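Numbering (my numbering), first residue to last: 40 to 182. The beta carbon of each residue, even a glycine, is placed where N, CA and C say it ideally should be. For clarity, every value in this text was computed on a predicted model and none was experimentally measured. The next block holds one structure in the form of structure tokens; read it before the comments.
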Amino acid sequence: MTPTTFLRIASIITLLYFAGHTSGMPWTPDVVDSATSPVVEAMKGHSFDVAGSMRTYWDIYFGFGISISLFMLISAVVLWQISSLAKTDASAVRPIIAVFLIGFLANTLLSWKYFFVVPLAMSAAISACLAVAFVTARRSKQV
40 MTPTTFLRIA SIITLLYFAG HTSGMPWTPD VVDSATSPVV EAMKGHSFDV AGSMRTYWDI
100 YFGFGISISL FMLISAVVLW QISSLAKTDA SAVRPIIAVF LIGFLANTLL SWKYFFVVPL
160 AMSAAISACL AVAFVTARRS KQV
């Protein structure tokens, strides 16, 4: 298989990662009686100054969640675009693949440490595809 194939697989998995993450919005349990409700209410209930803007922890939490979704979507699009570039000169996109690989490896470690099995599996699968794309891009001239 070619680097293009693995980059496209990584792109599709990243798109699914984006869809899953975004569908989890607002990233809290739906159970109203749960032990998490007081935590969420506390996050929403107290405003404080952050660099001249009044925000709550909820604002920051929710904003970061949306930002992560946006960057996953952008990553999926860029991975698809570089897969097209890899068709003509795969070695030229190796530095870009390397940057994505490092980022997704870090995401895999963070998912293992702080999250749960679904983001861990998605990130690990993307990392594996990128690693194979990186290796095959070195020795591949596609037509």
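From this set, the options, which residue's C-alpha is nearest residue i's C-alpha?
i	options	result
A115	S62, T41, Y56, T44	Y56
I52	D98, K152, P134, M111	M111
E80	L109, T147, T67, S108	T67
H60	A167, V117, L124, I105	I105
L144	G84, M40, A49	A49
L54	P158, L149, A170, R177	P158
L148	S166, I136, A137, I135	S166
G84	T95, T75, A74, G91	T95
Is it the case that the Cβ atoms of residue i and residue j are separated by a distance below 9 Å?
i	j	result
R47	S122	yes
A131	L140	no
F191	R133	No answer is possible for residue 191: the residues shown for the chain start at 40 and end at 182.
P65	F103	no
In the DSSP assignment, find the unbroken beta strand (DSSP E) run with residue i in it and report its ends.
i	result
S130	First-last for S130: undefined, no H or E at that position.
T43	Per DSSP, T43 belongs to no beta strand (DSSP E); it is in the alpha helix (DSSP H), 42-62.
S92	92-95
With a threshold of 6 Å on Cβ separation, who are the neighbours of residue i within its own chain once the five nearest residues in sequence on each side are excluded?
i	result
V182	Low confidence applies to V182: its pLDDT is 46, below 50, so where it sits in the model is not reliable, and the reading given next is rough at best. Excluding sequence neighbours, V182 sits near nothing in its chain.
C168	F45, I48, A49
If I follow the unbroken alpha helix (DSSP H) through residue i, where does it start and stop?
i	result
F173	156-177
S76	76-84
Considering only residues of the same chain and omitting the five flanking positions on each side of residue i, which have a CB-CB separation below 8 Å?
i	result
T175	M40, T41, P42, F45, A129
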